[in-house]
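A.B. asks: Please see the structure below; I have some questions.
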Amino acid sequence: MRFKHELILKYVTPILEIILPKDENLIQELLVHSRLHSVIKYQLIETPGVWKDGNMWFSIDALMHSYYICPDTQVNCGRQIWKKQQFIFDNQNFYDQQHRSDYIQAVEPGTIISISYSALNWMQEHFVSIKQQLIQLSRIQQQYYRSHAQLLIKPPLEKVKAFTTTHKLFSSVANNTINGMHTGLSRQGYENQLKKLQ
């Protein structure tokens, strides 16, 4: 409990712009509703399912990504990449309360924190600061999706060059199957383009 408290105070509260002692009640709610997890490399931390089983995640020290399975081709397609110390939040699933379609996976070992969608929903209804932060996270996610859509329409070589530039650390840590997912290429296709850049 103490370790979780220390991590939340050190990493989570500054990002949420929570200030002591004014927001003491909110910090207590975060402590009550958050869970601490240790993950190993390539561990799936969330799979598709009903809304109530969804979470907002916060990675202390592991790079993360999400993907979905295309219903037409049955191919894994990259959805989003998160750096360390970013909230992992799917605004559409959270607000629409619909079936979750994504897999969320760690690409390196580390420590992460989760807050269930139901707890998060209660908190955003009772704390204006949480509601505002979720709106901001939604904007960031939409910007990411627009940028990712633009990446996917580039020719293969340009895609891989842009991807490895934008996600330099992620592309060096993740395997090329995962990197391929986020560029719309197979592992072999991704590696073929990568060789041309060397």
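545 is the number of the first residue of the sequence shown in our numbering; add one for each residue after it.
Backbone N, C-alpha and C define an ideal beta-carbon position, used for all residues, glycine too.
Since this is a predicted model, take the numbers as computed values, not measurements.
Could you work out which residue in GLN685, LYS566 and LEU570 is closest to ALA663 when comparing CA atoms only?
C.D. replies: It is LEU570 whose Cα lies nearest to the Cα of ALA663.
A.B. asks: Between the beta-carbon of ILE657 and the beta-carbon of SER578, is there less than 9 Å?
C.D. replies: Yes, the Cβ-Cβ distance between ILE657 and SER578 is below 9 Å.
A.B. asks: Alpha carbon to alpha carbon, what distance is there between SER730 and GLN629?
C.D. replies: Whole-angstrom Cα-Cα distance: 29 Å.
A.B. asks: Between which two residues does the alpha helix (DSSP H) containing THR622 stretch?
C.D. replies: Contrary to the premise, residue 622 reads as Gly rather than Thr in this sequence. Premise fails: GLY622 lies in the beta strand (DSSP E), 620-626, not in any alpha helix (DSSP H).
A.B. asks: Within 10 angstroms of its Cβ, does ARG683 collect 16 or more other Cβ (buried), or is it exposed?
C.D. replies: Flag for ARG683 reads exposed.
A.B. asks: In terms of residue numbering, what span does the alpha helix (DSSP H) encompassing VAL583 cover?
C.D. replies: Element bounds for VAL583: not the alpha helix (DSSP H) but the beta strand (DSSP E), 578-583.
A.B. asks: Just checking my contact of THR655 with ILE604 at CB under 8 Å: how many whole Å lie between their CB atoms?
C.D. replies: Rounded, the Cβ-Cβ distance is 4 Å, consistent with contact.
A.B. asks: In whole angstroms, what is the alpha-carbon distance linking ASN599 and LEU741?
C.D. replies: Cα to Cα, the separation comes out at about 38 Å.
A.B. asks: Near GLN676, which residues of its chain fall below 8 Å by C-beta distance, leaving aside the five closest residues on each side in sequence?
C.D. replies: Excluding residues within five positions, none has a Cβ falling inside 8 Å.
A.B. asks: Could you confirm whether any beta carbon from chain B is found closer than 9 Å to the beta carbon of ASN637?
C.D. replies: No chain B is part of this structure, which consists of one protein chain only.
A.B. asks: Using the Cα positions of GLU573 and MET667, report the straight-line distance between them to the nearest angstrom.
C.D. replies: If you take the alpha carbons of GLU573 and MET667, they lie about 8 Å apart.
A.B. asks: Considering only their Cβ atoms, is the gap separating TYR647 from TYR688 smaller than 9 Å?
C.D. replies: For TYR688 and TYR647, no; Cβs fall outside 9 Å.
A.B. asks: What does the alpha-carbon distance come out to for the pair LEU580 and LEU551?
C.D. replies: C-alpha separation (whole angstroms): 9 Å.
A.B. asks: The alpha helix (DSSP H) spanning ALA606 covers which residue range?
C.D. replies: From DSSP, ALA606 is part of no alpha helix (DSSP H); its letter is neither H nor E.
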